[in-house]
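This report refers to the structure that appears directly beneath it.
2 protein chains.
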Amino acid sequence: MSAGDNEPRNKQLLLKRVPEGISGPEDFEVREAPVPELQEGELLVQAHYFGVDAALRLITRDSDEFLFRVKPGDMVHGSMAGRVVRSRHAQFSEGEYVHGSLGIQNYAVSNGEGLERCDLTQAPLGAWLGGFGVSGLTAYFAVTDVCRPQPGQTVLINGAAGAVGSIAGQICRLAGARVIGLTGSSAKCDWLTSELGYDVAINYRDADWYEQLQRAAPDRLDVIFDNVGGKVLDESLKLIGMRGTVLLCGSTSQYSEAHMQGPANYIWLGTMRARLQGFVVFDYADRYAEARRVMARWIEAGQLLIPFWEVAGDVDMFPEAYQKMYLGENLGKTLVRLPAAEALGGAA
Amino acid sequence: MSAGDNEPRNKQLLLKRVPEGISGPEDFEVREAPVPELQEGELLVQAHYFGVDAALRLITRDSDEFLFRVKPGDMVHGSMAGRVVRSRHAQFSEGEYVHGSLGIQNYAVSNGEGLERCDLTQAPLGAWLGGFGVSGLTAYFAVTDVCRPQPGQTVLINGAAGAVGSIAGQICRLAGARVIGLTGSSAKCDWLTSELGYDVAINYRDADWYEQLQRAAPDRLDVIFDNVGGKVLDESLKLIGMRGTVLLCGSTSQYSEAHMQGPANYIWLGTMRARLQGFVVFDYADRYAEARRVMARWIEAGQLLIPFWEVAGDVDMFPEAYQKMYLGENLGKTLVRLPAAEALGGAA
Chain A
-16 MSAGDNEPRN
-6 KQLLLKRVPE
4 GISGPEDFEV
14 REAPVPELQE
24 GELLVQAHYF
34 GVDAALRLIT
44 RDSDEFLFRV
54 KPGDMVHGSM
64 AGRVVRSRHA
74 QFSEGEYVHG
84 SLGIQNYAVS
94 NGEGLERCDL
104 TQAPLGAWLG
114 GFGVSGLTAY
124 FAVTDVCRPQ
134 PGQTVLINGA
144 AGAVGSIAGQ
154 ICRLAGARVI
164 GLTGSSAKCD
174 WLTSELGYDV
184 AINYRDADWY
194 EQLQRAAPDR
204 LDVIFDNVGG
214 KVLDESLKLI
224 GMRGTVLLCG
234 STSQYSEAHM
244 QGPANYIWLG
254 TMRARLQGFV
264 VFDYADRYAE
274 ARRVMARWIE
284 AGQLLIPFWE
294 VAGDVDMFPE
304 AYQKMYLGEN
314 LGKTLVRLPA
324 AEALGGAA
Chain B
-16 MSAGDNEPRN
-6 KQLLLKRVPE
4 GISGPEDFEV
14 REAPVPELQE
24 GELLVQAHYF
34 GVDAALRLIT
44 RDSDEFLFRV
54 KPGDMVHGSM
64 AGRVVRSRHA
74 QFSEGEYVHG
84 SLGIQNYAVS
94 NGEGLERCDL
104 TQAPLGAWLG
114 GFGVSGLTAY
124 FAVTDVCRPQ
134 PGQTVLINGA
144 AGAVGSIAGQ
154 ICRLAGARVI
164 GLTGSSAKCD
174 WLTSELGYDV
184 AINYRDADWY
194 EQLQRAAPDR
204 LDVIFDNVGG
214 KVLDESLKLI
224 GMRGTVLLCG
234 STSQYSEAHM
244 QGPANYIWLG
254 TMRARLQGFV
264 VFDYADRYAE
274 ARRVMARWIE
284 AGQLLIPFWE
294 VAGDVDMFPE
304 AYQKMYLGEN
314 LGKTLVRLPA
324 AEALGGAA
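Read top to bottom, the protein sequences are chains A and B.
Residue numbering for the first sequence follows this note's numbering, beginning at -16 and increasing consecutively.
Residue numbering for the second sequence follows this note's numbering, beginning at -16 and increasing consecutively.
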């Protein structure tokens, strides 16, 4: 932005109240604030994309028991990818693309901590918030380091069309496993099998989904990669195989529930000597570059698709995109694409 | 039994109906049957002890989903230790002591499969159904092969005064860990700390038991050894430590519930990169002898106590002993000691 521009205003999204059930636009409000001046060692990022992250619903609950919390009146926590528009920081220059946890606002000041540069030759900017970002890295490390599916094994992905599941299923296929996806519509089922190479896709809204799953997994499940929790996890636990792994990646079905439920069928883990394994991708931070080199090769070879679902709009579009994601309208990662991205055209 | 004896009758305990809630004497009935003649390759065992196993309540549920089921009209499944009183089997001789899954009856015919000889120089006969038998072996392998507590770590045993918990806690102490026990009465708490060497014992019926646990585990829990499930497991999951292990050994609080509950706080496993690990002792069958040699040394050195709680009576005493165990009256393994054991005095 040159000195001749009209000084832009910064719109910031605030949490207005603790949501009940799936959160909607009424739970948020927009505040306008000036774009701050930079101090030495700081840079200013203009948002091109916001990542719409399911875990936000967990940290907006009326509970201090989670490690981070967004309270009414706080700016909404979220991931942003954008362009450095001013810099007084030695390691970042104007015009570079970066992403980080910078909040749902048009302009963010950063001291560089936690920021990552986006190499647009590896993947387009939006992908760095999804399948090439935290969601994709989660899938990559959870599959290759924890689940470790083997050729001939059967994997179930719960939440198969979501940001993480859509990548995890493809990586399990690359490992030679047979991949079954559970998702929430027949259109998503078609997409999973036709575009992402899933062997079987089942709509968990079908009355007989569990019977379909039993038929699809006659030798039980070596891996359950669970993103959703709730009834889908509970029922699928009855099919876990001997010494199987249930990867606990997320519990999105529970984040909006007033009283969260645990999976009563966890006792099947005992019978089957299986494990329910917690996982946090940040433990692998020193291997992100390695994972991205591998994934970039897969993308180039046409073996890995990085799907994202964009909603175009400004800061005030975020609550609607977030609600639509919870209602299951997305294929892959949900992103809000901001006017600043439009201005640059296809480049980023 | 010599030819001059009056031919004894065999009392067998049958399940009369599917229990509701904690099962009681009204759910069972006794049938008398003749003691069968042996075929070539068979032996006859006279029961001295029955093991009272919590898992029986799970397999008497009105559900075919578990791998084994006792239905109304079936003989009650259970473990027996006793004396070989007749043998037409090449590898077992009259007068030997054995144990196995021979049902709740005075006399059992066996072809030797699954039977194990009891060396009474290692441990008394009753102990072979408890702390020196499946319960103790479960504790031994679950602790030493899966939980692997280290000196300075903190372990929580849920169901600390039960058949498995009472041994598991002692083995964790031998590994140098700090051991906290959760149990259901202040008398049991006293017993855990004074007799079994637990560092801390907490009564989960105290209103502030969770706060007591928090104070006792300021650095969180490296291991939760869970025998009970339900609320105790759910609450304690909030204190699991980084990369901790929750050993799923049993879920006794849930077996009597019409609708089993899962632990809603399982999402803490995610945050803490912890695992809930299923375990079945039978996988270690080829190492039982090794474990017993180690445990026999500990017993001899006074480092391991094998606690059991005996109820004297005949076959018809089993339902009452079983009910009392579910009400928490036992310290260590619950056994029914039969008249045949009395006749032999202290020997077995």
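Here a beta-carbon is modelled for each residue, glycine too, at the ideal position from N, C-alpha and C.
A quick note: this is a predicted structure, and the numbers were derived from the prediction, not measured.
{"Query": "Using the beta-carbon of each residue, which ones in chain A are nearer than 8 Å to B:Thr254?", "Result": "Phe49, Leu50, Gly261 and Val263"}
{"Query": "Assuming A:Val59 and A:Gly86 form a contact by the criterion Cβ under 8 Å, report the distance between their Cβ atoms to the nearest whole angstrom.", "Result": "7 Å"}
{"Query": "In angstroms, rounded to a whole number, what distance separates the CA positions of B:Gly296 and B:Gln197?", "Result": "42 Å"}
{"Query": "Is the shortest distance between the beta-carbon of A:Met346 and the beta-carbons of chain B less than 8 Å?", "Result": "Because chain A here runs from -16 to 331, residue 346 of chain A falls outside it and cannot be looked at."}
{"Query": "Would you mind stating whether B:Thr121 and B:Cys232 have Cβ atoms separated by less than 8 Å?", "Result": "yes"}
{"Query": "Return the chain-ordered list of same chain residues with a C-beta closer than 8 Å to the C-beta of A:Ile154, the five sequence neighbours on each side being excluded.", "Result": "Ala122, Tyr123, Val126, Thr127 and Leu287"}
{"Query": "Going by beta-carbon coordinates alone, are A:Ser76 and A:Glu25 separated by less than 8 Å?", "Result": "no"}
{"Query": "What does B:Arg258 reach in chain A if we use C-beta pairs closer than 8 Å?", "Result": "Arg258, Leu259, Gln260 and Gly261"}
{"Query": "Can you tell which of B:Asp182, B:Pro107 and B:Leu21 has its C-alpha closest to the C-alpha of B:Arg275?", "Result": "B:Pro107"}
{"Query": "On the DSSP bridge assignment, give the partners of B:Trp292 in chain order.", "Result": "B:Thr317"}
{"Query": "In this structure, how does DSSP classify B:Glu99 when only helix, strand and coil are distinguished?", "Result": "strand"}
{"Query": "Can you find a heavy atom of the ligand FMN that lies under 7 Å from the Cβ of B:Gln136?", "Result": "Only the bare structure without any ligand can be found here, which leaves the ligand FMN out of the picture."}
{"Query": "Any beta carbon from chain A within less than 8 Å of B:Ile207's own beta carbon?", "Result": "no"}
{"Query": "Evaluate the contact criterion for the stretch 156 to 167 of chain A versus the stretch 45 to 57 of chain A: three or more CB pairs, one atom per stretch, below 8 Å.", "Result": "no"}
{"Query": "Output needed for A:Leu41: all residues of its chain with C-beta closer than 7 Å, excluding positions within five of it in sequence on either side, in chain order.", "Result": "Phe49 and Tyr238"}
{"Query": "What is the residue span of the alpha helix (DSSP H) that A:Ala170 lies within?", "Result": "Ser169 to Ser177"}
{"Query": "State buried or exposed for B:His31, treating a residue as buried only when at least 16 other CB atoms are found within 10 Å of its CB.", "Result": "buried"}
{"Query": "Does B:Tyr249 come within less than 8 Å of chain A when only Cβ atoms are used?", "Result": "yes"}
{"Query": "Under 8 Å between beta-carbons, which chain A residues line up against B:Leu231? List them in chain order, please.", "Result": "Tyr249, Ile250, Leu252 and Gly253"}
{"Query": "Under 6 Å Cβ to Cβ from A:Gly119, same chain only, skipping five residues before and after it: list those, please.", "Result": "Ile150"}
{"Query": "Are the CB atoms of A:Leu27 and A:Arg69 within a distance shorter than 8 Å?", "Result": "yes"}
{"Query": "Spell out the partners DSSP gives B:Lys(-6) in its beta bridges.", "Result": "B:Glu15"}
{"Query": "Taking Cβ positions, are A:Gly142 and A:Tyr181 nearer each other than 8 Å?", "Result": "no"}
{"Query": "Applying a beta-carbon distance threshold of less than 8 Å, which residues of chain A neighbour B:Asp266?", "Result": "Arg256"}
{"Query": "List, in chain order, every chain B residue whose beta-carbon is nearer than 8 Å to that of A:Lys221.", "Result": "Glu48"}
{"Query": "Are B:Gly109 and B:Arg320 close, meaning C-beta to C-beta below 8 Å?", "Result": "yes"}
{"Query": "List the residues of chain A that B:Pro333 touches, going by C-beta distances under 9 Å, in chain order.", "Result": "Outside the displayed span of chain B (-16 to 331) sits residue 333 of chain B, for which this structure offers no information."}
{"Query": "May I ask you to report which of helix, strand or coil DSSP gives B:Gln197?", "Result": "helix"}
{"Query": "From the beta carbon of A:Ser234, is the nearest beta carbon of chain B less than 8 Å away?", "Result": "yes"}
{"Query": "Taking only beta-carbon atoms, is A:Asp217 less than 8 Å away from chain B?", "Result": "yes"}
{"Query": "CB-CB under 7 Å to B:Phe262, same chain, minus the five flanking residues each way: which ones, in chain order?", "Result": "Ala125, Val129, Leu230, Leu231 and Cys232"}
{"Query": "Beta-carbon separation of B:Leu179 and B:Lys316 under 8 Å?", "Result": "no"}
{"Query": "Taking the continuous beta strand (DSSP E) assigned at B:Thr137, which residues delimit it?", "Result": "Thr137 to Asn141"}
{"Query": "Could you check whether A:Gly245 and B:Tyr249 sit closer than 8 Å to each other, using their CB atoms as the reference points?", "Result": "yes"}
{"Query": "Can you list, in chain order, the residues of its chain with a C-beta nearer than 6 Å to that of B:Lys171? Leave out the 5 residues immediately preceding and following it.", "Result": "Ala144"}
{"Query": "What are the start and end residues of each continuous beta strand (DSSP E) run of 3 or more residues lying completely inside the stretch 50 to 92 of chain A, in chain order?", "Result": "62 to 70 and 80 to 83"}
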